[in-house]
Amino acid sequence: MTEPAWLTVLTTTDSEDKAQELARGAVEARLAACAQISGPVTSVYRWQGALETAQEWQVLLKTTALRYDELEAHLLVAHDYDTPEVIATPIVRGSTRYLSWVAAETAPPAAL
595 MTEPAWLTVL TTTDSEDKAQ ELARGAVEAR LAACAQISGP VTSVYRWQGA
645 LETAQEWQVL LKTTALRYDE LEAHLLVAHD YDTPEVIATP IVRGSTRYLS
695 WVAAETAPPA AL
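Mind the numbering: the sequence shown is residues 595 to 706 in our numbering, read in order.
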């Protein structure tokens with residue numbers, strides 16, 4: 595199978611302000627064309643042997659497969675979690691105009 599050209603990348607954080615910083619930083623760096631923030635959501639997970647429940651905000655970032663590695667690295671540096679959630683889901687279909695816009699907005703600087 596070929597690698598998808600576009601991705602939706604999910605991360606979570608523990609405040610709306612932090613979610614906005616993560617979203618804005620990725621879009622300003624042209625690593626994501628846009629980001630949507632949802633929340634609060636309730637997360638239930640096991641961390642360091644204990645069952646935890648926390649209120650979090652989700653950030654969904656639209657990018658290309660070409661920019662994923664840089665986006666992931668950016669999120670890992672910008673995030674304050676020890677092990678932040680960074681999950682990419684392929685976009686298998688979408689509006690041609692929208693996906694072209696995502697590609698244009700995330701084009702590496704040399705391609706501009």
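A virtual CB, placed ideally from N, CA and C, is assigned to each residue, including glycine.
Span separating the alpha-carbon of Pro-684 from that of Arg-661: 13 angstroms
Length of the line joining the Cα atoms of Val-686 and Asp-663: 19 angstroms
Nearest-angstrom Cα separation, counted from Val-680 out to Leu-655: 10 angstroms
Inter-residue Cα distance where the pair is Asp-674 and Ala-626: 19 angstroms
Contiguous alpha helix (DSSP H) assignments of at least 4 residues, all confined to the stretch 644-677: 659-672
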